[in-house]
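Trainee: This is the structure I have questions about; it appears just below.
Chains as they are written, first to last, in our numbering: chain A, 1 to 266; chain B, 267 to 532.
Structure, rendered in structure tokens:
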């Protein structure tokens, strides 16, 4: 039997709330006692707030930040510096040995500047490759990994990269070595039938039920790329994908909370 | 014969100058081909500049920054984020595999908040211990290390820590495993007889000549803690300490440039 690896992505609402983050990291440290864990974090509102303080105007297209040179500097500082190192320090305090990295470290995630017919996203990277050997070496030493969503192009340029995509790419490539559980934690209890009611969690989504839900417009906007990534991950060997509340991490891990993304049953 | 390890500290004037930094990193990558290397960087003027932009007032006592909570946030962003990751990305582009870390990562450098009878330095750390096992594990994998001067107290608090001291502490503890060469690179060609003339480099300083130079006030102010650190390092097993210009890194490594700090000859 393959050893389990949990790739856990946390987003904005946890990172922006000191108490929620501390509580999440306590659960994370407990999970890390019995399994290898990689935490991928986004940036929350801190980067946006810092940009406003510095008078750097932010432009969003389709929910993605357009990253000009000043914004790249800000996200590198906030994601790879402030957030990443504070998470690591808190985990160390909880007895969970972790190393905070970005994609440039150990050539962990190589990417290229996004090419798009009409929109210039600036310093935004799309992932080309993951250095599984380096990643696995750290995991096998008993080191948990905290990963900031900054990658590099191997030509000296850092690139701002979607944290959901990074989590997915890592889950996929590590599926050759581990039974990988990919957990997307965010502010809702899962994918909801009624976006305002946490009690309406959809327990399971398969490719065919996904198409129905999209047709009925139960699933739309920001949730679609998240689920597209989830199904792509399953296709590429990830054991399961769970979407749910970061505050319920242990429930997500035990499959009693959140929405489970699964392949079509035969 | 023990394998060589170079611990190289670079300071402000290199970090603040993109061209000088790129040129230094080219030399660094060349050195890294034939020896294990740890680079410890300071922060230059970027943190001070960002603090000014954000309206965070900076207080200096005896050449050390008093680090209040806002300043800690700034130095964590600038040192462990922006500077550290840009150096790593540039090294990767030069074919030099490196990992950027701070003292919290892998519990690399544990410190405590400085205790002082009259001055409250705020979130400033004095080093307690270095995790040589983790450090050596990375070096033996062929990974060079780029270290930001941020440590942690193992209770979840990051601490701003003098980069010269970090370089010294690491050089000392690694002396049990390697023939360690500790190189402090800064804006001058070495310790100078005439502070305004790079041609007046003092080739060698021993403990007794150091006392003379201090008595004559040739050496004063900011240079004294640097040299005190150097002599402490030699006493604790470091093979040699060299002080000189970052632009002359290869000369410093070959002992043809800079000032060499040595134990008293018998």
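Using N, Cα and C, we set each Cβ at its ideal position, and we do this for glycine too.
Give the residues from the segment 66–96 of chain A that approach chain B closer than 7 Å (Cβ to any Cβ), ordered along the chain.
Mentor: So the list reads 73, 76, 77, 78, 80, 81, 82, 85, 86, 88, 89, 90, 92 and 93, given in the order they occur along the chain.
Trainee: What is the rounded straight-line gap between the Cα of residue 168 (chain A) and the Cα of residue 396 (chain B)?
Mentor: So the two alpha carbons sit approximately 34 Å from each other.
Trainee: Give a yes or no on whether 8 Å exceeds the smallest Cβ distance from residue 249 (chain A) to chain B.
Mentor: So no, residue 249 (chain A) is outside the interface.
Trainee: Nearest chain B C-beta to residue 52 (chain A) closer than 8 Å, yes or no?
Mentor: It does not: the Cβ of residue 52 (chain A) has no partner Cβ on chain B nearer than 8 Å.
Trainee: What first and last residue would you give for the alpha helix (DSSP H) that runs through residue 111 (chain A)?
Mentor: Where residue 111 (chain A) is concerned, there is no enclosing alpha helix (DSSP H), although the beta strand (DSSP E) it sits in stretches over 109–113.
Trainee: Looking at the C-beta of residue 135 (chain A), does it have a partner C-beta in chain B at a distance below 8 Å?
Mentor: Taking Cβ atoms only, chain B never reaches closer than 8 Å to residue 135 (chain A), which makes this a no.
Trainee: Helix, strand or coil: which one does DSSP assign to residue 450 (chain B)?
Mentor: Of the three classes helix, strand and coil, the one that applies to residue 450 (chain B) here is strand, per DSSP.
Trainee: Could you pull the DSSP bridge partners for residue 37 (chain A) from this structure?
Mentor: Partner(s): A:6.
Trainee: Using beta-carbon positions only, say whether residue 111 (chain A) and residue 100 (chain A) come within less than 8 Å of one another.
Mentor: No, these two residues do not count as a Cβ contact at 8 Å.
Trainee: Of all Cβ atoms in chain A, is any one closer than 8 Å to the Cβ of residue 366 (chain B)?
Mentor: Yes, residue 366 (chain B) lies at the interface with chain A (some Cβ there is under 8 Å from its Cβ).
Trainee: Judging by CA-CA distance, which residue of A:4, A:27, A:260 and A:1 is the nearest neighbour of residue 247 (chain A)?
Mentor: Considering only alpha carbons, the answer is A:27.
Trainee: Hey, out of A:218, A:191, A:151 and A:186, whose CA is closest to residue 352 (chain B)'s CA?
Mentor: If we check each option's Cα against that of residue 352 (chain B), A:151 comes out closest.
Trainee: Using a Cβ-Cβ distance cut-off of 8 Å, determine whether residue 408 (chain B) contacts chain A.
Mentor: By this cut-off, residue 408 (chain B) is not an interface position.
Trainee: Listing by chain order, which chain B residues have their CB less than 8 Å from the CB of residue 20 (chain A)?
Mentor: Residues of chain B passing the Cβ test: none, with the nearest at roughly 15 Å.
Trainee: At the 8 Å Cβ level, is residue 421 (chain B) part of the contact set with chain A, yes or no?
Mentor: Cβ-Cβ to chain A under 8 Å: yes for residue 421 (chain B).
Trainee: What is the DSSP secondary structure of residue 429 (chain B), counted as helix, strand or coil?
Mentor: Residue state, collapsed to three classes: helix.
Trainee: Pull up the distance between the alpha-carbon of residue 166 (chain A) and that of residue 249 (chain A), whole angstroms please.
Mentor: Answer to the nearest angstrom: the Cα atoms are 19 Å apart.
Trainee: Counting contacts by CB-CB distance shorter than 8 Å, is residue 158 (chain A) in contact with chain B?
Mentor: It does; some Cβ of chain B falls within 8 Å.
Trainee: Pull up the distance between the alpha-carbon of residue 47 (chain A) and that of residue 70 (chain A), whole angstroms please.
Mentor: Distance between the alpha carbons of residue 47 (chain A) and residue 70 (chain A): 11 Å.
Trainee: Residue 424 (chain B) to residue 235 (chain A), Cα distance in whole Å?
Mentor: When rounded, the distance between both Cα atoms is 41 Å.
Trainee: Please list, in chain order, all residues of the same chain as residue 163 (chain A) whose beta carbon is under 7 Å from its beta carbon, the five residues on each side excluded.
Mentor: Excluding sequence neighbours, residue 163 (chain A) sits near 9, 40, 41, 42 and 149.
Trainee: Does the beta-carbon of residue 196 (chain A) have 16 or more other beta-carbons within 10 angstroms, so that it is buried, or is it exposed?
Mentor: Counting Cβ neighbours within 10 Å, residue 196 (chain A) comes out exposed, since fewer than 16 surround it.
Trainee: How do the segment 271–285 of chain B and the segment 217–227 of chain A stand: do at least 3 beta-carbon pairs fall below 8 Å, yes or no?
Mentor: No contact exists between the segment 271–285 of chain B and the segment 217–227 of chain A.
Trainee: Using DSSP bridges, identify the partner residues of residue 245 (chain A).
Mentor: Partner(s): A:186.
Trainee: Determine whether the beta carbon atoms of residue 38 (chain A) and residue 66 (chain A) lie at a separation below 8 Å.
Mentor: Contact: no.
Trainee: What first and last residue would you give for the alpha helix (DSSP H) that runs through residue 139 (chain A)?
Mentor: It spans 132–140 - the alpha helix (DSSP H) in which residue 139 (chain A) sits, taken as one unbroken run.
Trainee: Looking at the strands, I want to know which residues DSSP matches up with residue 256 (chain A).
Mentor: DSSP output for residue 256 (chain A) lists no bridge partner at all.
Trainee: At a CB-CB cut-off below 7 Å, which residues of chain B make contact with residue 107 (chain A)?
Mentor: Result: 358 and 363.
Trainee: Along chain B, in chain order, which residues have C-beta atoms closer than 7 Å to that of residue 150 (chain A)?
Mentor: By Cβ distance, chain B contributes 351.
Trainee: Would residue 499 (chain B) and residue 438 (chain B) qualify as a contact pair, given that the criterion is a beta-carbon distance under 8 Å?
Mentor: Going by C-beta atoms, residue 499 (chain B) is nearer than 8 Å to residue 438 (chain B).
Trainee: Identify, in the order they occur along the chain, each residue of the same chain with its Cβ nearer than 7 Å to the Cβ of residue 128 (chain A), setting aside the five sequence neighbours on each side.
Mentor: Excluding sequence neighbours, residue 128 (chain A) sits near 110, 111 and 112.
Trainee: So which residues on chain A does residue 370 (chain B) lean against when the C-beta distance must stay under 8 Å?
Mentor: Residues of chain A passing the Cβ test: 85, 88, 89, 92 and 100.
Trainee: Going by DSSP, what residue range makes up the beta strand (DSSP E) through residue 98 (chain A)?
Mentor: Here the beta strand (DSSP E) through residue 98 (chain A) covers 98–101.
Trainee: With a CB to CB cut of under 7 Å and the five nearest residues on each side skipped, what residues in its chain are close to residue 193 (chain A)?
Mentor: If we look at residue 193 (chain A) and ignore the five residues flanking it on each side, its Cβ neighbours are 200, 202 and 218.
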